[in-house]
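Residue 1346 is where the sequence shown starts when you use the numbering used here, and the numbers rise one by one after that. C-beta atoms are modelled at their ideal positions from N, C-alpha and C, and glycine is treated no differently.
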Amino acid sequence: MTHDEGKWHDTLQQLRIQLRRAMDGETSSHQRNLGLEYKINFGVNILRLKAIAETLPNDQELADLMWSKDVREMKLLSLFLRQPSTLTTTEALKLTSEVPTLEVAEQLVFRLLRFVPFAPSLLSTLFEQRYAPNTPPAVVPYLLLNHLTNDERLTPELFDRLSPMIIEDFSECSKYLPTIIYNALQRIVYNRPDLNVRTICEEVCSKGNMVVVGLATDIITIIEEKGV
């Protein structure tokens, strides 16, 4: 449709041509097999998308318009065009609530959220949103936690406030969360001995199912081996 694209219609038309030329049906099929469902998916790889993004203007209106498209490559390019230094909490929360797949969630955190100057407070706010466990937005707080492991602003006090929510989420045998939470906690054990991961895992062992209890027990074993 042209009526909602305004002055960016020609830019987006040229972009669509580029995406069709770079289309990779094998990649698109592989992503569908992994459960990455998009209405339209050209299968263009991330490196190619990054190169395409460098030819586009860093314009907020264009980024917002691309984000509104139910097209994998448009969603990802929208993230490439945005600047962490200008992203607000409101915008970060909106983007998080609208991520359609784990892939987009990962790129949102990797490209933007981990670099915003208010990342620790954003982390707390994201946890407080309590996204539905079986949805892509639910992984965003934990992906950000993983990236903030070595950030001194992730204080023991902040981590303790997040702990009850981590226990609740880890105990759920949801589609995405157990493995992603496991990865985040494991990284914390190796890099931040001042953060109390053991209590979280012990709580999970007392209430979780066999899958998450196994993951939590594995982390406790690592803690004991490290003597933390």
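Let me know the secondary structure DSSP gives residue i once reduced to three states.
{"i": "Val-1444", "result": "coil"}
{"i": "Val-1534", "result": "helix"}
{"i": "Val-1542", "result": "coil"}
{"i": "Val-1416", "result": "strand"}
{"i": "Asp-1563", "result": "helix"}
{"i": "Thr-1356", "result": "helix"}
Applying the criterion that 16 or more other CB atoms from any shown protein chain within 10 Å of the CB defines a buried residue, is residue i buried or exposed?
{"i": "Lys-1439", "result": "exposed"}
{"i": "Ile-1525", "result": "buried"}
{"i": "Lys-1352", "result": "exposed"}
{"i": "Arg-1417", "result": "buried"}
{"i": "Glu-1473", "result": "exposed"}
{"i": "Met-1346", "result": "Residue placement at Met-1346 is poorly supported in this model, since its pLDDT is 42, which falls under 50; the coordinates are not used for a value here."}
{"i": "Leu-1522", "result": "buried"}
{"i": "Gln-1359", "result": "exposed"}
{"i": "Gly-1395", "result": "According to the sequence provided, residue 1395 is Lys. The question's Gly does not apply to it. By the neighbour-count rule (16 or more Cβ atoms within 10 Å), Lys-1395 is not buried but exposed."}
{"i": "Leu-1392", "result": "exposed"}
{"i": "Lys-1420", "result": "buried"}
{"i": "Arg-1578", "result": "It is not possible to answer for residue 1578, since the shown part of the chain is limited to 1346 through 1573."}
Of the choices the options, whose alpha-carbon is the least far from that of residue i?
{"i": "Leu-1426", "options": "Glu-1451, Val-1485 and Glu-1406", "result": "Glu-1406"}
{"i": "Pro-1509", "options": "Asp-1349, Arg-1361 and Asn-1541", "result": "Asn-1541"}
{"i": "Ala-1367", "options": "Phe-1387, Leu-1357 and Thr-1356", "result": "Phe-1387"}
{"i": "Phe-1515", "options": "Thr-1544, Leu-1392, Tyr-1535 and Val-1557", "result": "Val-1557"}
{"i": "Asp-1404", "options": "Lys-1384, Phe-1463, Thr-1431 and Leu-1392", "result": "Thr-1431"}
{"i": "Asp-1575", "options": "Pro-1523, Lys-1552, Thr-1562 and Asp-1505", "result": "Nothing can be reported for residue 1575: it is not among the residues displayed for the chain, which extend from 1346 to 1573."}
{"i": "Tyr-1535", "options": "Pro-1462, Glu-1569 and Lys-1395", "result": "Glu-1569"}
{"i": "Thr-1434", "options": "Ser-1519, Leu-1453 and Thr-1470", "result": "Thr-1470"}
{"i": "Ser-1319", "options": "Val-1389, Asn-1495 and Asp-1349", "result": "Absent from the model: residue 1319. The displayed extent of the chain is 1346 to 1573, so no value can be given."}
Less than 8 Å between the beta carbons of residue i and residue j, yes or no?
{"i": "Ile-1565", "j": "Gln-1531", "result": "no"}
{"i": "Pro-1482", "j": "Val-1444", "result": "yes"}
{"i": "Leu-1468", "j": "Pro-1486", "result": "yes"}
{"i": "Asn-1554", "j": "Asn-1528", "result": "no"}
{"i": "Ala-1408", "j": "Ser-1423", "result": "yes"}
{"i": "Pro-1465", "j": "Leu-1507", "result": "no"}
{"i": "Ile-1397", "j": "Gln-1363", "result": "yes"}
{"i": "Leu-1489", "j": "Val-1449", "result": "no"}
Are there any heavy atoms of the ligand SAH lying less than 7 Å away from the beta-carbon of residue i, as far as the coordinates show?
{"i": "Leu-1401", "result": "You won't find the ligand SAH in this model; it holds no ligand whatsoever."}
Exercise. What alpha helix (DSSP H) runs, 4 residues minimum, are completely inside the stretch 1448-1514?
Worked result: 1464-1474 and 1485-1492
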